[in-house]
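Residue numbers (numbering that gives the first Met the number 0), protein chains in the order written: chain A, 0 to 276; chain B, 0 to 276; chain C, 0 to 553; chain D, 0 to 553.
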Amino acid sequence: MDNLDTSAENTWCPGCGNFGILVAFKKAIESLIAHGFPKQEFVVVSGIGCNGKIADYLNLNSFLSLHGRPIASAQGIKIANKKLKVIAFIGDGGCYNEGISHLIHSAKRNTDITVLVHNNRRFALTVNQFTATSPKGFKGSSTPEGSIEEPLNPLKLAFSSNSTFIARGYSAKIEHLKNLIIKGIKHRGFSFIEILQPCISFFNTYQYYNERVYEMSDDFLDSKKMAQKKIEEWDCNETNGKIPIGVFYRVNKPIYEGSSNPKDKCIDFEAILKKHI
Amino acid sequence: MDNLDTSAENTWCPGCGNFGILVAFKKAIESLIAHGFPKQEFVVVSGIGCNGKIADYLNLNSFLSLHGRPIASAQGIKIANKKLKVIAFIGDGGCYNEGISHLIHSAKRNTDITVLVHNNRRFALTVNQFTATSPKGFKGSSTPEGSIEEPLNPLKLAFSSNSTFIARGYSAKIEHLKNLIIKGIKHRGFSFIEILQPCISFFNTYQYYNERVYEMSDDFLDSKKMAQKKIEEWDCNETNGKIPIGVFYRVNKPIYEGSSNPKDKCIDFEAILKKHI
Amino acid sequence: MKKDYSILIGGEAGQGSRKAGLIIAKVFNDLGYRIFIYDDYQSLVRGGHSFSQIRASEDNVFSHRKKIDFLLALDDKTIKKHRNNLTSKGIIIYNSDKVQLKEGIGIPIETICRELKGISLMANTALLAGFLKTIGIDWKVLEKILRREIDKEIVLNLKIARKVYQETNELIKIKRINRKPLPLLTGNEAVSLGAVRAGLNIYVSYPMTPATGILNYLAKHKRDFNINVFQLENEISVINAAIAGAYTGKRTMVGTSGGGFALMTEALSLAGQAEVPILIVESQRTGPASGVPTYSGQSDLWFALGAGHGDFLRFVFAPSDANESFYWAGELLNLSWKYQTPSILLIDKQISESTFQFNEKLLNKLKCKKALLWNKKGKYQRYKITKKGISPLGFPGEKNIISKVNSYEHNEDGITVEDENLVKKMQLKRLRKFQSMKNEIDKMEAVKIYGNKKSKSAIICWGSTVGPARETAEKLKIKLIQPIVIQPFPENQLKRNLKGVEKLISIEANSLGQLEKVLNCYGIKPDNRILRYDSRPFLPEELTESLKNIFSSK
Amino acid sequence: MKKDYSILIGGEAGQGSRKAGLIIAKVFNDLGYRIFIYDDYQSLVRGGHSFSQIRASEDNVFSHRKKIDFLLALDDKTIKKHRNNLTSKGIIIYNSDKVQLKEGIGIPIETICRELKGISLMANTALLAGFLKTIGIDWKVLEKILRREIDKEIVLNLKIARKVYQETNELIKIKRINRKPLPLLTGNEAVSLGAVRAGLNIYVSYPMTPATGILNYLAKHKRDFNINVFQLENEISVINAAIAGAYTGKRTMVGTSGGGFALMTEALSLAGQAEVPILIVESQRTGPASGVPTYSGQSDLWFALGAGHGDFLRFVFAPSDANESFYWAGELLNLSWKYQTPSILLIDKQISESTFQFNEKLLNKLKCKKALLWNKKGKYQRYKITKKGISPLGFPGEKNIISKVNSYEHNEDGITVEDENLVKKMQLKRLRKFQSMKNEIDKMEAVKIYGNKKSKSAIICWGSTVGPARETAEKLKIKLIQPIVIQPFPENQLKRNLKGVEKLISIEANSLGQLEKVLNCYGIKPDNRILRYDSRPFLPEELTESLKNIFSSK
Ligand SMILES: Cc1ncc(C[n+]2csc(CCOP(=O)(O)OP(=O)(O)O)c2C)c(N)n1
Ligand SMILES: Cc1ncc(C[n+]2csc(CCOP(=O)(O)OP(=O)(O)O)c2C)c(N)n1
Ligand code: SF4
Ligand code: SF4
Ligand SMILES: [Mg+2]
Ligand SMILES: [Mg+2]
């Protein structure tokens with residue numbers, strides 16, 4: 000029961016960045032369990048896409064939801080039982096295309112969930128089409144002449160949506176990512192962690208990231224100004240700048256949750272009906 | 000045929016901010032027609048909500064679409080016929096709640112349409128529930144104890160979505176709004192114009208806006224930094240600061256459009272089928 | 000003859016005719032009358048024309064009537080639109096400051112309001128006070144109800160009412176009936192109460208007419224009901240959050256109309272595949288698309304029956320009034336949990352926003368029934384293969400439970416499978432569950448009969464159409480057959496009830512005969528049909544007329 | 000006996016078995032054979048097990064067979080999974096560097112690739128070369144096809160193929176048939192071509208298996224086809240943009256599978272209300288929800304028939320192969336425009352991604368038919384009331400036209416109405432249009448018959464199931480009845496074709512008998528049913544077996 004593995008056969012391509020995310024996540028959970036978080040109170044949510052398979056690979060409560068809906072589902076779980084630690088895994092396609100409304104509104108509400116975005120900058124499982132974070136000029140099966148759209152900067156979007164915890168990790172920096180995940184889960188509020196995830200089969204970005212990624216210091220996390228600056232350091236396109244990883248912003252605000260209703264409260268129907276007479 | 004009025008009876012509440020928008024828009028169109036834009040090439044799109052009725056009140060081509068979908072529809076019209084000038088009217092509920100994905104992605108693509116948001120900061124037609132831009136603490140029929148969510152700053156969101164024209168108007172400043180609309184329509188690319196619109200029946204903000212609204216100068220429109228600063232001047236909540244109106248940002252970028260296909264090109268089916276042998 | 004009054008009060012939106020109608024109804028309720036209120040309004044906030052039509056009767060009533068005994072007019076339009084329907088002895092009472100009329104009883108409402116420093120929004124109070132005096136209602140009764148119903152400026156309102164009351168003449172004297180008043184509930188309130196009674200924990204919604212009333216009512220009473228209520232950013236978020244909440248062990252419900260329901264259909268299929276209970280209230284309005292948004296219709300039946308991709312059944316129940324809505328909303332919540340299935344309560348504007356009298360005995364007929372829970376033995380498997388196809392529930396957060404649900408086809412542990420044998424195994428499990436659902440339907444009163452049960456002539460109808468049809472059936476002494484359950488289809492019960500019927504006429508508020516087509520699937524072929532699709536509800540008089548024509552023409 | 004070969008090539012995803020299968024098929028095509036290819040793959044990008052099954056026959060073929068004559072294995076799994084189906088004389092050809100086997104023909108593929116400095120991705124070339132030599136194919140044919148099909152590293156590929164070819168022994172000699180090769184098209188390609196032929200201007204989509212192939216094909220050929228292709232942010236945006244594009248005067252089409260279709264249903268209703276033509280291609284996969292995403296099924300029929308709130312009809316057509324998909328996609332686009340209505344082309348994975356031979360004569364049977372356009376007289380009214388219910392089209396941008404469409408109920412000008420009489424008037428106009436649509440169906444070949452047309456035993460099936468069933472029907476000399484049009488239902492044609500049928504068996508790839516229920520509505524009751532719902536397609540041998548059992552048991 001304590002093992003985090005399942006019987007499911009892993010079907011990611013050998014070398015896929017998703018493996019790093021899986022390992023980092025398991026380490027984070029193990030560490031949290033070791034620190035007294037009960038295993039049964041974790042719930043992972045995922046959707047459709049290569050990334051979504053992660054739910055099958057984790058011996059934890061899980062809700063493998065629809066494409067684009069993991070954040071909506073995660074939110075439903077948290078408002079139904081606030082004791083649970085809810086982590087939503089989602090791809091860039093699911094998060095920034097199909098389900099972007101949930102990202103923005105869940106961040107705005109400050110629902111107390113953690114969102115881990117496997118950003119491989121394409122729809123991978125449907126065999127390589129562009130997403131909101133694909134670089135400009137991207138040639139996928141639906142854009143043989145190159146996509147003319149510029150990518151979104153997801154961190155900027157999360158910031159504009161009032162997210163109270165904004166971070167970026169890199170699937171190849173497992174220890175760093177593990178710590179981000181722990182911080183995200185511990186943060187009371189909406190934790191947004193964008194993860195750079197190379198896709199071996201369609202967009203092998205290991206070298207690109209390895210050359211550019213650097214770890215930021217954890218200072219001034221509640222400064223909007225600093226956050227804005229750091230968020231804009233990399234424009235998420237194919238440029239030559241450096242790519243900071245770490246926590247960009249963290250602030251405490253009231254969270255969105257249901258009131259805890261007394262379990263066996265007796266509802267006085269007669270009294271209510273009386274008002275209708 | 001040249002009159003912009005229709006036979007439809009106007010059913011907005013007397014004093015509603017929507018009247019100001021209607022008047023400003025008609026003036027803008029009249030001015031554009033006078034300057035040689037053919038009337039038949041304007042298409043207005045709207046959705047469901049008090050604001051959406053505007054399509055009925057305009058003797059122009061129109062598509063009265065579904066709640067939240069005017070931007071998606073407008074986009075479809077523009078990519079089908081790039082000669083047309085397409086203007087989408089939409090409420091805050093439609094734009095920032097139901098249909099927020101279309102705002103973000105249409106802005107990101109830089110579709111050449113103009114979006115006019117009637118922001119009365121609530122769902123008005125369904126009788127007063129909170130939207131993404133309702134002030135915190137808002138007591139509507141679904142939140143009798145006050146909404147705990149903080150509002151979004153729509154301009155910030157549009158900016159994060161790479162919108163190439165960002166402006167704010169006020170329905171009571173008709174001449175100013177008219178000019179904004181003309182600028183928006185003339186801008187080649189995605190023009191986002193947020194309009195402060197008092198709702199006489201549920202949120203009479205005339206006095207509040209009258210005291211705070213001021214017209215900005217049109218300088219440095221392509222400066223991201225300046226834009227950001229001006230956008231953050233008012234947090235869209237119930238605060239005491241000033242509220243700038245005018246153009247916040249304008250920049251030229253390639254637009255998203257279909258290629259113009261020769262009308263009578265003969266398609267060589269035989270040649271294509273040959274490749275399948 | 001038994002007393003049966005029909006009162007119409009109308010004015011512009013914002014003039015408070017609805018509230019006044021409710022107060023009048025409550026006065027009659029207090030006198031022991033049976034009540035029905037129809038509210039008619041346009042999709043606008045001020046102006047236009049809206050009205051309430053109150054039926055107050057010695058007998059039970061389920062519908063308003065065409066003919067009006069008392070026409071109360073806050074404005075001119077009300078008179079123009081409705082005086083045609085006034086009975087020969089009917090009385091018009093009107094705001095003489097706004098309306099020019101030779102007949103009827105004019106009350107100088109604006110003048111009085113101005114004199115007493117009231118606002119014109121109090122015109123409705125003035126008008127109803129004048130009316131109630133005209134029909135001889137005791138001031139004490141009026142005062143009691145006003146005090147209960149008006150929470151703003153009650154003193155001023157009472158002053159105005161009092162003055163009008165004193166200045167108006169009593170024309171007739173409505174008799175009191177020796178019965179105690181009953182709670183008056185709209186269909187939306189009844190649905191809310193029924194769901195709460197059956198253990199609702201969370202209501203999630205996005206406003207949409209005519210279902211918004213459920214959101215408003217539950218939000219207002221969330222503390223009384225010990226529930227949580229959330230308005231989320233769109234219907235897709237709503238349904239996905241609600242399903243996830245149910246996975247977590249909380250009874251959840253969502254409410255919307257056709258357009259919002261459309262956006263929920265992908266997740267409906269998810270609930271079917273993942274076997275998560277969810278109750279969807281779909282209150283129909285005139286379609287297609289935005290249609291005629293504040294008016295009624297019964298044209299979403301096919302959609303509800305087939306919505307969602309893939310093979311799965313859902314319960315679709317169509318109650319016809321507040322009492323049935325209360326009971327079936329609750330039972331449907333129970334059944335959703337018993338069978339871990341999505342369910343649709345299909346109502347419409349006519350039920351949602353009309354006001355009915357509530358049968359308090361139903362309270363004790365409905366309770367929260369526990370679902371099948373894990374017995375805590377062995378390893379927990381969310382999709383354990385069982386004989387009846389139902390796997391015991393266990394929830395995240397509970398010890399020794401790992402609960403995995405999945406939108407993909409899955410094995411007993413909830414892990415994705417693609418192997419053909421495993422796929423088939425799980426499909427078979429669900430097929431067995433669907434069979435159990437069918438068996439369940441056979442055990443309940445899925446079909447109701449009204450009117451003359453022995454008649455060889457029968458009408459068949461569903462949902463809100465039953466109200467006016469019931470009155471007609473009783474009048475014409477024919478049989479009325481009402482399928483309440485529509486999926487799984489109660490074929491046996493229906494056929495049993497059709498025995499001996501020689502002429503069958505279907506009545507529906509849609510243009511394509513949607514229930515009729517469903518009946519056809521089971522070899523039931525109505526000989527005739529009455530369809531109404533101008534967005535307005537059926538009225539008993541009109542139905543009676545149409546039926547008479549049909550019967551006499553053959 | 001006529002030649003009829005069944006070849007299976009399998010390996011891990013990424014090893015190129017699909018491409019190799021296509022090349023083999025093209026070789027047989029070149030030899031004059033009739034071809035069908037079934038592609039089977041899992042929802043993953045590398046690893047797992049995928050295979051292609053090629054049928055090459057003297058007769059026309061519409062399905063693969065269970066039995067395999069040649070088993071070509073790039074890996075071990077292929078042998079384990081499929082050797083059971085090898086015929087007694089069947090031959091296994093395999094990669095002997097990866098597979099240990101005592102029998103069959105082993106080719107040291109990795110060794111050869113390494114020697115020639117090829118990459119392991121070229122193993123598929125090696126294997127197919129070995130196979131083609133074994134069956135005595137001329138090197139020249141092989142080289143010709145390879146040159147056509149391989150665009151990367153053709154020289155190296157040829158070198159490898161040549162070497163394997165030389166080192167392998169010829170075992171048999173496949174004879175050439177004197178017929179010219181035909182184009183090989185997947186269903187997705189055929190749909191694309193048909194729509195383009197009927198004047199498609201814009202394709203809008205969001206990727207979803209198994210419809211993604213349409214997006215890919217049209218995007219690749221957008222210049223050849225003189226069309227625009229857009230991938231938008233989600234299905235809701237897709238359908239709304241496509242409908243708006245059609246309002247603007249451009250022929251638009253969208254493609255998706257069940258889950259994406261669900262998200263489009265609100266806008267489907269919009270198209271019904273606003274009377275805007277839109278063609279939706281819904282390619283089904285195993286449901287519900289995410290289901291078994293790369294496998295097939297026929298379980299979205301009910302959904303397609305009833306999707307969208309409110310009363311409106313749509314055309315729902317279900318072709319069964321590439322030829323029908325080509326023709327009906329085009330005709331449906333034409334009909335959508337003729338009747339200003341939404342239409343659904345309901346196909347499935349088995350059609351979308353299988354490869355068929357194309358009948359080039361169809362090209363000239365299909366053309367772009369003009370819709371009813373405004374005659375430029377008087378004032379333009381988008382919803383002009385007409386006898387047949389069809390209002391002439393005029394588009395924004397054209398002189399003297401103000402074209403207003405509306406999701407609300409509207410008057411002839413397209414302006415919102417709530418008045419009951421105006422509502423009814425417009426509903427009646429649409430009802431007349433629906434009647435015209437029904438009449439149109441009666442004029443076309445909405446039902447097809449195969450097999451022994453005089454047999455008293457008949458099977459009824461739709462969509463991809465027709466392929467294997469057709470073969471079975473011919474073998475058993477029974478009648479096959481295929482409704483291609485499902486809404487409006489071709490009742491008359493079907494009943495005409497059922498005359499004389501004494502035993503009727505329905506065959507469907509779903510668990511609830513979805514077509515059967517539809518048949519029931521029209522009083523047609525199959526005596527028996529064969530349902531398959533393990534996500535895999537029907538095979539002619541299995542069908543024959545099942546049918547024999549049914550016939551002999553009575
Ligand atoms: C409603 C819906 N639309 C489309 C799909 C098809 N689909 C499955 S996965 C996927 C893309 C996933 O992209 P992303 O979320 O980035 O995940 P990745 O595969 O890259 O990890 C799509 C479009 C679907 N399953 N559901
Ligand atoms: C899919 C769908 N959901 C809900 C509704 C109900 N609805 C109609 S108007 C409206 C709110 C409109 O708010 P907003 O866009 O701000 O417009 P306003 O009335 O304030 O001008 C809602 C929720 C609908 N028509 N369609
Ligand atoms: S396709 Fe890309 S994202 Fe998907 S499993 Fe393979 S490497 Fe990973
Ligand atoms: S409710 Fe508000 S927004 Fe709607 S018409 Fe009235 S004042 Fe305007
Ligand atoms: Mg991705
Ligand atoms: Mg609003």
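For each residue, glycine too, the CB sits at the ideal point set by N, CA and C. Note that the structure is a prediction, hence the values are computed from the model and not measured.
| task | Using alpha carbons as the reference points, say which of D:Trp461, D:Ile90, D:Phe311, D:Asn509 lies closest to Gln513 (chain C). | result | D:Phe311
| query | Comparing the CB of Gly90 (chain B) with every heavy atom of ligand 6, is any distance shorter than 8 angstroms? | reply | yes
| Cβ contact (3+ pairs, closer than 8 angstroms) linking the region 13-30 of chain D and the region 389-396 of chain C | no
| Do you know whose CA, among D:Gln297, D:Ser268, D:Val275, lies nearest His308 (chain D)'s CA? | D:Ser268
| said: By the three-class DSSP mapping on this structure, what secondary structure does Met436 (chain D) have? | reply: helix
| task | Report the option in A:Leu59, A:Phe201, A:His275 whose CA atom is closest to the CA atom of Phe122 (chain A). | result | A:Phe201
| Got a sec: does ligand 3 put a non-hydrogen atom nearer than 8 angstroms to the Cβ of Asn438 (chain C)? | no
| chain D contact for His175 (chain B) (CB, 9 angstroms cutoff) | no
| message | I'd like to confirm something about Gly46 (chain A): is its beta-carbon nearer than 8 angstroms to some heavy atom of ligand 3, or not? | response | no
| field | CB contact check: Glu29 (chain A) to chain C, cutoff 9 angstroms | value | no
| Out of C:Phe355, C:Lys158, C:Ile400, which has the shortest C-alpha to C-alpha gap to Ala321 (chain C)? | C:Phe355
| task | Classify Gln52 (chain C) as helix, strand or coil using the three-state DSSP reduction. | result | strand
| said: Please state the DSSP three-state secondary structure of Lys116 (chain C). | reply: coil
| said: Can you find the residues in the same chain that come closer than 7 angstroms, C-beta to C-beta, to Lys500 (chain C), ignoring five residues on each side of it along the sequence? | reply: For the record, residue 500 (chain C) in the displayed sequence is Val; it is not Lys. Lys455, Ala457, Lys478, listed in sequence order.
| task | Would you mind telling me which residues of chain F sit closer than 8 angstroms to Asn58 (chain A), beta carbon to beta carbon, in chain order? | result | As a matter of chain content, chain F is missing from the structure shown, whose protein chains are A, B, C and D.
| message | Just to confirm, is the Cβ distance from Cys198 (chain B) to Arg120 (chain B) under 9 angstroms? | response | yes
| request: Could you check the C-alpha separation between Ile346 (chain C) and Ala197 (chain C) for me, to the nearest Å? | output: 18 angstroms
| field | Interface flag, Lys155 (chain B) vs chain A, CB-CB below 9 angstroms | value | yes
| For Asn60 (chain A) versus Ile401 (chain C), is the C-beta spacing smaller than 9 angstroms? | yes
| field | Residue nearest to Ile173 (chain D) in terms of C-alpha spacing, selected from D:Phe69, D:Asn405, D:Ser552 | value | D:Phe69
| the region 90-106 of chain A in contact with the region 233-240 of chain C per 3-pair CB rule at 8 angstroms | yes
| task | Report the residue from D:Leu126, D:Val446, D:Leu546, D:Asn519 whose alpha carbon sits nearest the alpha carbon of Ala317 (chain D). | result | D:Val446
| request: Under 7 angstroms Cβ to Cβ from Glu411 (chain D), same chain only, skipping five residues before and after it: list those, please. | output: Gln380, Tyr382, Lys383, Ile384
| query | At least one CB of chain C closer than 9 angstroms to the CB of Gln41 (chain D): is that the case? | reply | yes
| said: Between the alpha carbons of Gly47 (chain C) and Lys185 (chain A), how many angstroms are there, rounded? | reply: 55 angstroms
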